[in-house]
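Since the structure comes first, as structure tokens, the remarks are kept for the end.
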Amino acid sequence: MTPVLSSTSRAAGKRVAVVGGGIIGLGIAWEAIQRGHQVTVFDPAPASGATYAAAGMLAPVSELHYQEEHLLALTVESARRYPALMSRLEAGGRTTGYQRTQTIAVGADAADRQVLADLKQAQVRQGLTVEDMTTRQARAEEPMLGPGLSAAFRIPGDRQVDPRLLSRVLIDDVRAGGMLEAQSVESLAYDDGNRTRVAGVVLVDGTHVEADETVIANGLQSPEIKDLPATLSLPVRPVYGDVLRLRVPRHLQPLLTATVRGVIRGRSVYLVPRQDGSVVVGATQREGGTTGVSAGGVYELLRDAQTIVPAVAELEFEEATCRARPGTPDNAPLLGRPRGVEGLICATGFFRHGVLLMPVTASICNDLIDGGPADPAYRAFLPDRFQGETA
Numbered sequence: 005m006t007p008v009l010s011s012t013s014r015a016a017g018k019r020v021a022v023v024g025g026g027i028i029g030l031g032i033a034w035e036a037i038q039r040g041h042q043v044t045v046f047d048p049a050p051a052s053g054a055t056y057a058a059a060g061m062l063a064p065v066s067e068l069h070y071q072e073e074h075l076l077a078l079t080v081e082s083a084r085r086y087p088a089l090m091s092r093l094e095a096g097g098r099t100t101g102y103q104r105t106q107t108i109a110v111g112a113d114a115a116d117r118q119v120l121a122d123l124k125q126a127q128v129r130q131g132l133t134v135e136d137m138t139t140r141q142a143r144a145e146e147p148m149l150g151p152g153l154s155a156a157f158r159i160p161g162d163r164q165v166d167p168r169l170l171s172r173v174l175i176d177d178v179r180a181g182g183m184l185e186a187q188s189v190e191s192l193a194y195d196d197g198n199r200t201r202v203a204g205v206v207l208v209d210g211t212h213v214e215a216d217e218t219v220i221a222n223g224l225q226s227p228e229i230k231d232l233p234a235t236l237s238l239p240v241r242p243v244y245g246d247v248l249r250l251r252v253p254r255h256l257q258p259l260l261t262a263t264v265r266g267v268i269r270g271r272s273v274y275l276v277p278r279q280d281g282s283v284v285v286g287a288t289q290r291e292g293g294t295t296g297v298s299a300g301g302v303y304e305l306l307r308d309a310q311t312i313v314p315a316v317a318e319l320e321f322e323e324a325t326c327r328a329r330p331g332t333p334d335n336a337p338l339l340g341r342p343r344g345v346e347g348l349i350c351a352t353g354f355f356r357h358g359v360l361l362m363p364v365t366a367s368i369c370n371d372l373i374d375g376g377p378a379d380p381a382y383r384a385f386l387p388d389r390f391q392g393e394t395a
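The opening position of the sequence shown corresponds to residue 5 in the numbering used here, with each subsequent residue numbered one higher.
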């Protein structure tokens, strides 16, 4: 027997199988449900991977990196969509941790100041808003900043969300309007042997699940799905990062009101204040070595965070987390419908940007589900652009 997707008896809408329940898969599923589709998300541990560790900075300006300028239009557009999406998700008193929190970028020495000044020039050339500050002005706004900083810049348009809270809201809505199955997908299924038409998925227990559209959104596990089309390569690699969560004692609250990004003797660090009185500190980045929390990484994060905010030494150590983010050869997502294949959409390989890119990704994928044409503005992210390559 081949089950149909979802027990929902809607007259309209397509049957949609979403493989992966991280922030990207959940966002796609949520949007598909809003559009009237019958949706099932397959994930044995939703929102427990990169989503669980993410700091949730919605920061297309301060996230602009050299040689990643091709991502800017996508990140800016996604950030623009966040306020309206949060208004819908937070209806009824729910919370996603969404805050209009600006960013202050600081440097420790003359070399760091030059790095930030050069980055500002690159940001301004792209039409982005970055404002000069004196370190005195920065400390007037954020009194806990240390006295030894050499430079400060304000990025007023940045925001933040708490990915753990956001994913809980999305999970609740997916369960209410669709299905969330705690099973893994083994392989794709095809329409009567036609390798150009995906017709659903096969679960690890051998169950066949029919679907009109299948969305691959399971990050690092996406290349492990069997029977991918021969024309499709999904070269994602694990990029590990350590993230800390510290509790601010009552007498030090608020420790910060802005997100603070620092370049400390050439090393990057950020501090993100949460509404619950905690601070997220991150993030190291490594492409080899241990898959667990790195003792050296924890040491570096605490040392550099304390350089920026000396009172970090007085905070309570609450949690250290390490997760792997799915990187691609050009650090851009694999997004869209593979050429020459029907019934299949890819949304994987989001690296550092999964939370930020969730709204625009959900829209792009659901426009395809609804039968619309691929937007030529996103051709640079087609999932089969690395055909024949490996990460």
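Ideal placement from N, C-alpha and C gives every residue a C-beta, glycine not left out. Here the structure is a predicted model, which is why all the values come from computation and not from measurement.
Item                                                                                                                 : Value
Other residues of its chain near residue 385: CB distance less than 8 Å, five sequence neighbours each side excluded : 78, 336, 337, 338, 339 and 340
Proximity to residue 358 [Cα-Cα], best of 92, 30, 313 and 23                                                         : 30
Neighbourhood of residue 342 by C-beta, 7 Å cutoff - its chain only, sequence neighbours within 5 removed            : 233, 235, 236, 348, 350, 387 and 388
Residue 244 in three-state terms, based on DSSP                                                                      : strand
Cβ contact check for the region 94-105 and the region 137-145: 3 or more pairs under 8 Å                             : no
Burial state of residue 91 (16 or more Cβ within 10 Å)                                                               : exposed
Boundaries of the alpha helix (DSSP H) in which residue 44 is found, first to last residue                           : Premise fails: residue 44 lies in the beta strand (DSSP E), 42-46, not in any alpha helix (DSSP H).
Euclidean distance between Cα positions of residue 314 and residue 137                                               : 20 Å
Alpha-carbon to alpha-carbon, residue 119 and residue 133                                                            : 17 Å
DSSP state of residue 310 mapped onto helix, strand, coil                                                            : helix
Alpha carbon of residue 360 to alpha carbon of residue 85, nearest angstrom                                          : 10 Å
Closest residue to residue 94 among 174, 352, 253 and 164 (Cα-Cα distance)                                           : 174
Under the three-state DSSP convention, the category residue 112 falls into                                           : coil
Inter-residue CB distance, residue 21 and residue 206 (contact presumed, cutoff 8 Å)                                 : Incorrect: roughly 11 Å between the Cβ atoms, too far for contact.
CA-to-CA distance, residue 318 to residue 3, given in whole angstroms                                                : A query on residue 3 cannot be resolved here, the shown segment of the chain reaching from 5 to 395 and no further.
Continuous beta strand (DSSP E) stretch holding residue 136: start and end                                           : 135-137
Terminal residues of the beta strand (DSSP E) in which residue 195 lies                                              : 189-195
Unbroken stretches of the beta strand (DSSP E), 3 residues or longer, contained in the region 261-308                : 263-268, 271-277 and 282-286
Within-7 Å CB hit, residue 108 to chain C                                                                            : In the displayed structure, chain C is absent; only one protein chain is listed.
Cα-Cα separation, residue 69 to residue 332                                                                          : 15 Å
With 16 other Cβ atoms within 10 Å as the buried cut-off, status of residue 197                                      : exposed
Buried/exposed call for residue 321, threshold 16 Cβ in 10 Å                                                         : exposed
With 16 other Cβ atoms within 10 Å as the buried cut-off, status of residue 124                                      : buried
Helix, strand or coil at residue 159 [DSSP, three-state]                                                             : strand
6 Å Cβ shell around residue 268 - same chain, five flanking residues per side excluded                               : 112, 308 and 311
First through last residue of the alpha helix (DSSP H) which encompasses residue 167                                 : 167-181
Strand pairing of residue 228, partner residues [DSSP]                                                               : DSSP lists no partner for residue 228.
Residue of 151, 97 and 156 minimising C-alpha distance to residue 122                                                : 156
Closest Cα partner of residue 43 within the set 167, 302, 279 and 179                                                : 179
Alpha carbon of residue 12 to alpha carbon of residue 300, nearest angstrom                                          : Reliability of the predicted coordinates at residue 12 is poor, the pLDDT of 39 falling under 50, and the value obtained from them is presented with this limitation in mind. Going by the C-alpha atoms only, they are around 50 Å apart.
Segment limits, alpha helix (DSSP H) that includes residue 363                                                       : 358-373
Cβ-Cβ separation, residue 229 to residue 184 (assumed contact under 8 Å), whole Å                                    : Going by Cβ atoms, the distance from residue 184 to residue 229 rounds to 19 Å, so no, they are not a contact pair.
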